[in-house]
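Numbering (the working numbering), first residue to last: 1276 to 1467.
Okay, here's the thing in structure tokens:
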């Protein structure tokens, strides 16, 4: 009796496995067919400022940070941003302002970005512009990007974790420089 029960159990398992494989392969074919119809969507999020959380001012002497706010701000982030722009800037004194800004992304999701404003604190030396639209900041566990803007001899860098989009076989950050400048940077320019 036990043999007969085991035989039926084995046949049932084989039958179920055969049906599962058939369903699985037909589902895969359907998914592949639908993927061929999908086109990549070029999507860039929109931002709206909710509030400015923190504003800190400090100085970089060319060797160390000074100022009342030096222990309250992310000095490691400032160093990585400056290195990403031009490591030679770390040899010169800089006046630095950072702002943590709370945003609403696509009118749904709360987000926080940091804006770092840098200007020369040394007479006779000016911050020169570079041709980078954005770059990934090294040393972070998450994909944190810096988007620089050169305005009136100063550089303003928006640090954010962007959304990503697929273009062909590549995954790229969805960063709209013009929208970031108009939605985030320009409304805050007077407060730097």
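We put the beta carbon where it would ideally sit given N, CA and C, even for glycine.
- Relative to residue 1340, the option among 1326, 1365, 1319 and 1323 whose CA is nearest is 1365.
- The C-alpha of residue 1398 is placed about 31 Å away from the C-alpha of residue 1388.
- Here residue 1318 is exposed: its Cβ has fewer than 16 other Cβ atoms, across all protein chains shown, within 10 Å.
- Classified as exposed, residue 1383 has fewer than 16 neighbouring CB atoms from the shown chains inside 10 Å of its CB.
- Under DSSP, the beta-bridge partners assigned to residue 1335 are 1340 and 1369.
- About 5 Å separates the beta carbon of residue 1390 from that of residue 1374, a gap short enough to meet the 8 Å contact definition.
- Residue 1352 is not a Cβ neighbour of residue 1396, given a cutoff of 8 Å.
- Bounds of the beta strand (DSSP E) holding residue 1393 are 1384-1395.
- DSSP, reduced to helix, strand and coil, places residue 1437 outside both helices and strands of the structure shown, so it counts as coil.
- In the assembly as shown, residue 1459 is a buried residue. Its beta-carbon has 16 or more other beta-carbons within 10 Å.
- 1412 is the residue among 1412, 1455 and 1457 whose C-alpha sits nearest the C-alpha of residue 1360.
- Inclusion of residue 1376 and residue 1417 in the CB contact set at 8 Å is not warranted, their separation being larger than that value.
- For the pair residue 1321 and residue 1444, the CB atoms are not nearer than the 8 Å cut-off.
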